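Residue numbers (our numbering), protein chains in the order written: chain A, 1293 to 1420; chain B, 1293 to 1420.
I have placed the structure first, in the form of structure tokens, so that the comments after it can refer back to it.
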DNA sequence: CGCATAACTTACATTTATGTTAGTACTTGA
DNA sequence: TCAAGTACTAACATAAATGTAAGTTATGCG
């Protein structure tokens, strides 16, 4: 939970309300959000598969990132009433519209990241 | 100062070392970095002018953001041996190469930010 | 029965990012 | 002499992001 009022929050609101670039960055800037976007770019995934493909992230944090992306309208969450439960996440149209943004961020990183293979490699599907 | 070792830091290193997109986001993602990039896009600025154009940021934080951008190679810092001191900041070639990245982040935000004027407005030069 | 699975939630703990306040050295102009 | 300007730094304080570990619910399977 965030504080109701703080200089920190006020500044965030000020910037996101006045800077289109900062607004975009705010939506995609979480620690695991690029990895999630990259995976969902190939199609819907269920929670357990997302989780297995990201062994370094804890359940709580993964859920937090997914919830934020859902409430920002980037992904949708579909529950199948089965047992055991099945929940699938996929990009919304808004999420898909990020494709050129993701591409250019990736290209710039590929050009300039020290140690980059310069191969337009995005997030590795299986992080070590 | 960061801890020498923590899961948090390890994950950051893991991601930035494997995801070009995350690497790029890491360089431009600080609270005031979009505002600074936007201002310096027009040319060099001295510290006091940068500061006056950003009344909401504290001196410490502004310096921190500038130092990070400098150490990441996005901006350069030039000291003129005068009295009173004069220090000018400007984009390096690497910083200038971010222009298309900044444009597309801005365009996406302009299209999708609630309350956006849809006018390709970037960071306002003078935040309220 | 007891264990496994799925998709979480809760309570707690730590790390990192951001912000506040005061102070520094130096010189010029009033 | 005294305030003002310049570009900071230091010590301290708070807020936010991220991480850990265990528990929950419901059912099928051996």
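Every residue gets a Cβ at the ideal spot worked out from N, C-alpha and C, and that includes glycine.
Note that the coordinates shown come from a computational prediction; the quantities given were computed from them, not determined experimentally.
Identification of chain B residues near residue 1337/A by a Cβ-Cβ cut-off of 7 Å yields none; the smallest Cβ-Cβ distance measures about 17 Å.
Listed in chain order, the positions of the stretch 1310 to 1322 of chain B with a beta carbon within less than 8 Å of a beta carbon of chain A are 1310, 1311, 1312, 1313, 1314, 1315, 1316, 1317, 1320, 1321. Using a Cβ-Cβ cut-off of 8 Å, residue 1392/A counts as an interface residue toward chain B, since at least one Cβ of chain B sits closer than that to its own. Between residue 1390/B and residue 1332/B, the beta carbon gap of about 10 Å keeps them out of contact (Cβ cut-off 8 Å). The C-beta separation of residue 1312/A from residue 1405/B comes to about 6 Å, placing the pair in contact by the 8 Å criterion. Beyond the five residues adjoining it in sequence on each side, residue 1308/A comes within less than 6 Å, by CB distance, of 1314, 1315, 1318 in the same chain, given in chain order. Chain A places a beta carbon closer than 8 Å to that of residue 1348/B, counting this residue as a contact. Proximity of residue 1408/B to chain A, defined by a Cβ-Cβ separation below 8 Å, is satisfied. Listed along the chain, the chain A residues whose CB falls inside 7 Å of the CB of residue 1405/B are 1312, 1315. When the beta-carbon positions are compared, residue 1342/B and residue 1381/B come within less than 8 Å of each other.
In this structure, the beta-carbon distance from residue 1335/B to residue 1366/B does not fall below 8 Å. Against chain B, the CB of residue 1384/A has no partner CB under 8 Å away; the residue lies outside that interface.
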